[in-house]
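One structure is given here, and the rest of the page talks about it.
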Amino acid sequence: MRNNRIAALFAGASLALTAQTFSSLQKSAKPLVLKSQGSFYIGGEKSEQTRVELGGLGPGGHIAVNQMYVRYMEPHRNKSNVPVVMVHGATLTGKSWETTPDGRMGWDEYFVRKGHSVYVPDQVGRGRSGFNQANINNVRAGTAPATGLPNLLRFSDEVVWPNFRFGLTPGAPFSDEQFPVDAVDELSKQAVPDLSFGGVPTPNPTLKALSDLAGQLHGAVLMGHSQSGPFPLAAALLNPAVAKGLVLVEPGRCPANYTDEQIKTLATVPVLAVFGDHRDIATGISTRPSWQESFNTCQELIRRLKAAGGQAEMLNPPDQGIRGNSHMIMQDRNNLQIADLILKWIDQRVSKRKK
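Numbering (this note's numbering), first residue to last: 230 to 584.
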């Protein structure tokens with residue numbers, strides 16, 4: 230009956246969004262005790278722009294661009310634990326790590342409750358980090374060619390099912406699926422236009438911002454997801470001394486073009502790659518036929534890092550009898566079970582590591 234109802238939504242029976250209510254959120258009975266919480270920005274630069282580039286609301290002048298927004302929570306106790314930075318993937322924001330689509334506790338709160346300060350950025354060009362609108366307004370005014378417009382990415386609700394591995398087709402979840410598919414509309418609401426391709430500078434300012442953030446924290450575990458899965462590696466190469474551990478959650482790829490010298494540098498930092506289940510199905514995305522290909526690139530990177538003397542591991546839940554996890558593993562019904570495995574790794578490979 231449940232699957233029939235979900236399937237009906239994708240068969241055109243209804244196009245109405247399901248609505249989450251505040252009363253439906255599953256709030257913990259135990260108080261969340263914080264030393265502090267707040268937000269701030271990392272990086273950015275001044276840009277002088279014309280009246281047209283600013284949209285015509287006022288005269289030309291200077292604005293800030295390419296900054297990275299960061300929201301944080303510091304626990305009242307266990308301040309000696311290593312901080313954790315959680316970076317979202319494509320077409321998403323830091324909301325990925327917060328309350329799950331079906332109203333359960335997200336990893337940001339859970340890691341804090343386990344004694345880690347947590348820092349959740351929005352990538353440069355996304356969410357509260359904002360984006361540089363100048364080129365779009367120039368094209369609109371006819372002073373720049375349309376070919377210079379950034380590609381604004383979104384995933385349809387339909388392609389999310391095979392790409393995020395909820396099921397082979399929309400409305401038909403895998404029998405062991407861990408993602409709360411009844412709340413899939415809430416995931417759709419989290420998505421935002423993504424200007425990563427042509428809308429932010431190259432290299433992506435988020436990479437340096439992550440490295441700078443880890444430096445300001447006097448060292449941190451850097452965690453990336455999907456499109457940002459390789460970001461912790463890139464940030465560590467900028468300053469390996471402040472990257473205390475790298476957690477690559479369902480990365481779109483693990484780069485294969487690192488030089489031996491770069492591998493030697495990355496081998497000084499513990500690395501954990503994390504993947505869910507059902508990786509061999511067709512994604513519906515031409516640039517990534519299956520997530521097994523991504524898994525394989527990370528297995529090869531782990532091999533190279535271990536050969537260079539590094540501590541690099543793969544967390545593959547099916548190896549431990551845990552089945553059905555999706556690409557959105559931090560939002561799955563067993564998300565806290567997966568979080569505990571990562572926290573255990575942080576404790577063993579990062580917190581107890583000899584400095």
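Heads up, the beta-carbon is just placed ideally off N, CA and C, and yes, glycines get one too.
In this text, all values refer to a predicted model and were calculated from it rather than measured experimentally.
**Q.** Rounded separation between Q407 and L467 - CA only
**A.** 36 Å
Q | Where Q577 falls, given that 16 or more other Cβ within 10 Å makes a residue buried | A | exposed
(Q) Quick check on the DSSP output: the beta strand (DSSP E) that includes E277 runs from which residue to which? (A) L263 to Q278
Q: Determine the DSSP secondary structure at Q249, reduced to helix, strand or coil.
A: coil
Q) For T650, which beta-bridge partners are listed by DSSP? A) With the chain running from 230 to 584 in the structure shown, residue 650 is simply not present.
(Q) Please state whether the Cβ-Cβ distance between G318 and D351 is less than 7 Å. (A) no
Q) Roughly how many angstroms separate the alpha carbons of R369 and Q362, rounded to a whole number? A) 11 Å
Q: Using alpha carbons as the reference points, say which of V478, N433 and G427 lies closest to L451.
A: V478
Q.
Can you give me the C-alpha to C-alpha distance between P260 and T329, rounded to a whole angstrom?
A. 19 Å
Q.
Taking contact to mean 3 or more Cβ pairs, one atom from each stretch, closer than 8 Å, check whether the region 556–576 and the region 336–347 are in contact.
A. yes
Q.
Suppose the cutoff is 7 Å on Cβ atoms and the five residues either side in sequence are ignored; what does the same chain contact list for T526 look like?
A. R482, C483 and A485
Q. A370 by DSSP, collapsed to three states: which one?
A. helix
Q. What are the boundary residues of the beta strand (DSSP E) that A463 is part of?
A. Taken as a continuous stretch (DSSP letters only), A463 belongs to no beta strand (DSSP E), being part of the alpha helix (DSSP H) at F460 to L467.
Q: Answer with buried or exposed for A463, where buried requires no fewer than 16 other C-beta atoms within 10 angstroms of its C-beta.
A: buried
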